[in-house]
Every structure is written in structure tokens, then in C-alpha cells.
Amino acid sequence: MTTRSRDWLLVPFFGLKIKRTYRRQPVCPKIPSKGYPNMDNDIRILIGLTDPNIQFDPKSEQHFNETSRNGTDTVTWNLLLTYATSCEKCGTLMVNSGTKTVIHKGPRSAFKFQNFRIRKQKFLCKKCGHTSIAQLSDIQPNNHIINKVKQVVAMEPSENVSQKHIALDNNVSTQTVKRAAEGLFVYNKTNFHYLPQNIAFNDFKSGKFATSGMSMILIESVNHRILDVMKDRGAGQLRAYFNQYSPAARDAVKTITVDLFTPYRAMIKELFPNANIAADRFHVVTQAYRELNKVRISVMKQFGSDSKEYRQLKRFWKLLMKHGTALDYTTRKSRVNFKHAYLTDKEIIDRLLALSDELHDAYAFYQGILYAIETRDEAELKSVLYPTKNDTQYRSLPKAMK
Numbered sequence: 043m044t045t046r047s048r049d050w051l052l053v054p055f056f057g058l059k060i061k062r063t064y065r066r067q068p069v070c071p072k073i074p075s076k077g078y079p080n081m082d083n084d085i086r087i088l089i090g091l092t093d094p095n096i097q098f099d100p101k102s103e104q105h106f107n108e109t110s111r112n113g114t115d116t117v118t119w120n121l122l123l124t125y126a127t128s129c130e131k132c133g134t135l136m137v138n139s140g141t142k143t144v145i146h147k148g149p150r151s152a153f154k155f156q157n158f159r160i161r162k163q164k165f166l167c168k169k170c171g172h173t174s175i176a177q178l179s180d181i182q183p184n185n186h187i188i189n190k191v192k193q194v195v196a197m198e199p200s201e202n203v204s205q206k207h208i209a210l211d212n213n214v215s216t217q218t219v220k221r222a223a224e225g226l227f228v229y230n231k232t233n234f235h236y237l238p239q240n241i242a243f244n245d246f247k248s249g250k251f252a253t254s255g256m257s258m259i260l261i262e263s264v265n266h267r268i269l270d271v272m273k274d275r276g277a278g279q280l281r282a283y284f285n286q287y288s289p290a291a292r293d294a295v296k297t298i299t300v301d302l303f304t305p306y307r308a309m310i311k312e313l314f315p316n317a318n319i320a321a322d323r324f325h326v327v328t329q330a331y332r333e334l335n336k337v338r339i340s341v342m343k344q345f346g347s348d349s350k351e352y353r354q355l356k357r358f359w360k361l362l363m364k365h366g367t368a369l370d371y372t373t374r375k376s377r378v379n380f381k382h383a384y385l386t387d388k389e390i391i392d393r394l395l396a397l398s399d400e401l402h403d404a405y406a407f408y409q410g411i412l413y414a415i416e417t418r419d420e421a422e423l424k425s426v427l428y429p430t431k432n433d434t435q436y437r438s439l440p441k442a443m444k
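Our numbering applies: residue 43 is where the sequence shown begins, and numbers increase by one.
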């Protein structure tokens with residue numbers, strides 16, 4: 043409605059006459075009791091649908107119903123799917139023949155699960171008697187889960203979460219999660235006639251997806267682009283997988299970065315004759331870390347659990363594993379197991395290494411690898427990994443670290 047008023051008004055203001063102008067008020071449309079009758083593109087995007095033929099069900103009192111069960115809120119949308127179509131057999135325009143109500147699971151929105159109660163139009167061909175039903179483009183035939191839900195479920199296994207957690211988070215079963223992940227492998231078809239010059243592959247925990255519980259990922263080393271995911275990491279399975287690539291594609295590979303697992307190397311030399319094998323620096327550091335920790339535990343057992351040396355090595359093990367540059371060389375603190383003497387981190391390391399020549403050499407080897415990798419010094423790394431025969435620095439180095 044509009045407010046009727048004068049166009050101007052004379053108001054006395056210190057002897058002056060001021061003309062006051064009134065603007066016409068806009069007319070606001072009246073909103074229906076159950077909302078707008080039509081569904082626009084914005085509403086479709088919000089609820090996760092893209093089919094242009096979907097609309098609110100005019101026979102429902104409300105556009106949606108909200109329920110809560112076991113602390114979980116679910117929104118059920120009342121929709122109608124109808125459109126004009128022709129017979130698939132004879133091409134005659136079909137007539138409407140009632141509806142069929144189905145319920146589809148939709149994507150989660152605003153921390154609430156969504157269901158779509160859709161009245162689908164049934165069609166009848168009066169010429170040949172053929173019948174059909176309206177198909178929603180957002181779902182596969184003979185299915186009840188919206189495609190967008192399956193897309194989310196298929197991508198979530200890349201995170202460090204279980205299949206059960208993904209299923210509960212998306213209101214689906216664990217079997218749906220497994221089928222969606224397997225469907226992703228089928229969809230992303232690999233080009234077996236091309237491989238980049240620099241590749242790398244590494245194993246990761248994949249749970250029940252693989253027989254061994256571990257799968258293998260193949261990436262391009264330069265930009266870390268994922269090329270493919272292999273279901274199993276066994277040497278036989280890897281050999282069968284890479285044999286699918288053409289000889290020209292395998293010959294083009296120049297470097298392959300892998301971990302220190304020995305069976306991989308024989309397979310690589312056979313299938314990739316022109317490739318140089320590069321050890322993954324992460325696995326190099328990890329193996330040195332584990333071996334140093336084994337030496338520490340071995341030295342502890344030599345002294346016995348009742349000795350002060352045992353307690354010292356057990357309490358300050360983190361300092362032994364720390365990078366030498368990260369140690370505190372200046373701050374002195376009261377140290378337990380050293381009669382509360384005020385010592386720096388470096389002084390504690392010196393006292394621990396003095397307990398065993400084997401521990402001393404293993405620690406020097408570990409720190410040498412850390413320094414060479416951090417500074418990207420290839421010559422230094424070679425000197426640490428391959429010392430000369432007369433090098434007395436690693437005389438007591440354990441066999442596992444040689």
C-alpha cells in the first residue's frame with residue numbers, strides 16, 4: 043500500500059519556509075503461509091539439487107518437515123518431479139498416469155541430514171501401452187542416494203578417518219562408502235601410454251580396501267600430482283600394474299623416488315631400465331631414527347633397570363633424537379637423575395654419549411644425516427652414508443646403520 047500525503051509542507055523555521063518532500067512507500071508482496079510456490083536456482087543449490095524439473099509439491103502443507111531422532115536432526119523436503127516426455131518405443135507423446143512417492147538421501151547441510159520425498163510423475167503411452175516414470179538427473183537409476191553424497195563419500199577416504207566414521211557423518215552404510223571409493227578408481231582411468239620423467243610411489247594404510255591393509259600411491263615428483271592409486275603394495279601386484287604401461291612410457295622415466303624397501307629396487311631396475319633410484323629422504327631419516335633408538339634401548343639393558351645410567355637414558359631420550367641445532371646450549375636447569383645438577387641440553391647429551399661408544403657413533407651418524415639433508419649437501423650426505431675404511435668416526439657403528 044502507499045501512504046497518501048502532500049507533496050510539500052511549509053514549516054516555519056526561524057522565519058524561513060522549507061519545502062518538505064515525502065517519498066512514496068514501496069509495496070511489499072505478501073508471502074504465502076507456506077513460502078513461495080516455485081523453486082528457483084538458489085534454493086536448488088542450497089539443498090544440493092540441479093534438476094530444473096524439480097519443484098515444491100503443491101499437495102504438501104509444508105515445503106519441508108524437520109524431525110529429530112537420537113539427537114540427529116533431519117530435514118525432509120516435499121518435492122514434485124514432472125515434465126513432458128515422449129515414448130521411448132514409438133515416439134508418441136505420453137500422458138500422465140498418477141505419481142509414485144520415493145525418498146532419496148541428500149547431502150548434509152547446516153549440520154542436518156537431508157531427505158527428499160519426491161512424488162515422481164508416471165507416464166503412459168496410449169498408442170503402445172508403454173509406461174515409464176520421471177527420472178531425477180541428480181541420481182543414478184535404481185538408486186536412492188543423491189550423486190553429490192557419493193562424491194563426498196568417495197573423497198573422504200583421503201583423510202585419516204575410518205569408513206565407519208565417514209558412513210555416520212553422511213548417513214549412509216559402510217558398504218556405500220566402500221562402493222563409492224571403488225567407483226572412484228574405475229572413474230579415474232589411467233593413461234598407460236604416458237609416464238612423467240620423475241615419479242615416486244609410496245605406501246599408505248588403506249584398511250579393508252586392500253588385502254594387505256596397505257595400498258600404494260603413484261605421484262609426479264616435481265609438482266606432487268597424483269597419477270594413480272594402486273590397490274595393493276605387494277611386489278607381484280606392483281610388477282603386474284607397471285607391466286600395463288607401454289615400454290616407451292617406462293623407458294621415458296629418468297628418476298624414481300621410493301623408500302628403502304629392498305624388493306622395490308629389483309623390480310624398478312627390470313621395468314625401468316633408464317631410471318635412477320632415489321631414496322626418499324623421509325624414510326632415510328626415519329630408519330636412522332629407529333636404529334638410534336634401538337641402540338639406546340640396547341645400552342640401557344646393558345646397565346640394568348636399577349642403575350642410574352638406565353634411568354638417564356630413559357628420561358632424556360627425546361634430547362638424543364633432537365636435531366643438534368635445536369638443543370639449548372646456554373640455559374641451565376636442575377636435572378633429575380643427574381643429582382639435580384644444573385646442566386644444559388648439550389651437557390646432558392655429552393654425558394649420555396660418554397656411556398657407550400656404540401651410542402656415540404650412532405648419534406653422530408644420525409646427526410650427520412639430519413645436517414646433510416637440511417643443508418641439501420650431497421657431498422656431505424655421501425660422506426656420512428659411505429665413509430672410508432680408515433674413518434675412525436664410525437668404528438663402533440652398529441651393523442644395521444652401516
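From the three backbone atoms N, C-alpha and C, an ideal C-beta is built for every residue, glycine too.
Fair warning: this is a prediction, and the values are worked out from it, not measured in the lab.
Span separating the alpha-carbon of residue i from that of residue j
i, j, result
"Asp348", "Tyr428", "38 angstroms"
"Trp119", "Glu108", "9 angstroms"
"Leu237", "Phe243", "13 angstroms"
"Asp293", "Met272", "20 angstroms"
"Ile145", "Met197", "24 angstroms"
"Ile89", "Ile181", "14 angstroms"
"Lys375", "Gly366", "18 angstroms"
"Thr386", "Leu397", "18 angstroms"
"Asn185", "Val295", "43 angstroms"
"Val117", "Lys311", "58 angstroms"
"Asp419", "Arg221", "47 angstroms"
"Val494", "Tyr352", "One cannot answer for residue 494 here, as it falls past the ends of the chain, which runs 43 to 444."
"His235", "Pro94", "40 angstroms"
"Ala277", "Ile268", "20 angstroms"
"Gly113", "Lys154", "11 angstroms"
"Thr92", "Ser128", "22 angstroms"
"Arg17", "Lys350", "With the chain running from 43 to 444 in the structure shown, residue 17 is simply not present."
"Ile85", "Cys170", "39 angstroms"
"Ala330", "Ala421", "18 angstroms"
"Asn318", "Arg307", "10 angstroms"
"Ala176", "Lys162", "6 angstroms"
"Ser425", "Gly255", "38 angstroms"
"Lys336", "Ala223", "39 angstroms"
"His172", "Val137", "11 angstroms"
N-terminal and C-terminal residue of the alpha helix (DSSP H) that residue i is part of
i, result
"Asp211", "Gln205 to Asn212"
"Glu333", "Arg323 to Phe345"
"Tyr283", "Ala277 to Phe284"
"Leu91", "Leu91 -> no alpha helix (DSSP H), and no H or E assigned at all."
Candidates the options, of which the one nearest residue i by Cα
i, options, result
"Gly133", "Ser174, Val144, Lys154 and Arg161", "Ser174"
"Thr232", "Gln286, Asp180, Ser215 and Ser179", "Gln286"
"Ile261", "Gln279, Pro289, Ile298 and Ala282", "Ile298"
"Asp322", "Arg275, Ile89 and Asp245", "Asp245"
"Ala152", "Ile259, Leu362 and Asp211", "Asp211"
"Val214", "Ser340, Pro315 and Val191", "Val191"
"Cys447", "Thr141, Asn189 and Lys131", "It is not possible to answer for residue 447, since the shown part of the chain is limited to 43 through 444."
"Ala291", "Ser139, Leu135 and Gln239", "Gln239"
"Arg357", "Ile391, Gln344, Ala330 and Phe324", "Ile391"
"Phe380", "Arg393, Ala368 and Leu369", "Arg393"
"Phe314", "Thr216, His382, Asp399 and Ile241", "Ile241"
"Leu178", "Val203, Lys147, Ala404 and Leu302", "Lys147"
"Arg150", "Thr141, Asn189, Lys142 and Gly140", "Asn189"
Contact under 8 angstroms by Cβ, residue i with residue j
i, j, result
"Leu401", "Ala414", "no"
"Ala209", "Val219", "yes"
"Ile187", "Val326", "no"
"Tyr371", "Lys360", "no"
"Gln156", "Leu122", "no"
"Gln279", "Gly249", "no"
"Tyr408", "Leu355", "no"
"Met258", "Arg275", "yes"
Residue i (DSSP reduced to helix, strand or coil)
i, result
"Ala396", "coil"
"Asp425", "According to the sequence displayed, residue 425 carries Ser and not Asp. Correct three-state label for Ser425: helix."
"Val136", "In the sequence as presented, Val is not what sits at residue 136; that position holds Met. Three-state DSSP puts Met136 in coil, outside helix and strand."
"Gly255", "coil"
"Lys164", "strand"
"Val300", "strand"
"Ala368", "helix"
"His105", "coil"
"Lys350", "helix"
"Gly113", "coil"
"Phe158", "strand"
"Lys76", "Low confidence applies to Lys76: its pLDDT is 48, below 50, so where it sits in the model is not reliable, and the reading given next is rough at best. Correct three-state label for Lys76: coil."
"Ala320", "strand"
Enclosing beta strand (DSSP E) for residue i [first to last residue]
i, result
"Asn189", "Looking at the DSSP string, Asn189 is not in any beta strand (DSSP E); the run it does join, the alpha helix (DSSP H), is Asn189 to Met197."
"Met272", "Ile268 to Met272"
"Ala291", "No beta strand (DSSP E) contains Ala291, which is instead part of the alpha helix (DSSP H) from Pro289 to Asp293."
"Tyr125", "Unbroken run through Tyr125: none, as it is neither H nor E."
"Lys247", "Asn240 to Lys247"
"Lys375", "Lys375 to Arg377"
Residue-chain proximity (residue i, chain B), Cβ-Cβ < 8 angstroms
i, result
"His235", "The displayed structure is made up of one protein chain only, and chain B is not part of it."
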